[in-house]
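What follows is a set of notes on a single structure, which appears directly below.
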Amino acid sequence: MRSPTADGWAARRSAAGLRQDRLQAANTVERCINKLKQWRGPATRYDKTATVYLAALHLAAIHIWAAR
């Protein structure tokens, strides 16, 4: 009987673990972006200067963080 490392099973498992970590991190980022999209304050502003928009995003992020 061959050992699991002879076929590279261990390498595939460790690579799958790394992919899982990346997927979890990407999921966290995607959820945060979706929460920011749901906070419609910046989307409904008429004043669309970059400074005001960035400030609104900061306020939304603070609001989401504080609600946790």
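Per my numbering, the very first residue in the sequence shown carries number 22; after that it's consecutive.
The beta-carbon is built from N, C-alpha and C at its ideal position, and this holds for glycine as well.
Keep in mind that this is a model prediction, so the values were computed, not measured.
Query raised in the report: Which class does Trp86 belong to by DSSP, given the choice of helix, strand or coil?
Result: helix
Query - Residues of its chain near His84, where Cβ-Cβ distance is below 7 angstroms and the 5 sequence neighbours each way are ignored - result: Excluding positions up to five away in sequence, the list reads Trp60.
Query raised in the report: Under a three-way DSSP split, which group does Arg43 fall into?
Result: helix
Query raised in the report: What did DSSP end up calling Lys69 once you bin it into helix, strand or coil?
Result: coil
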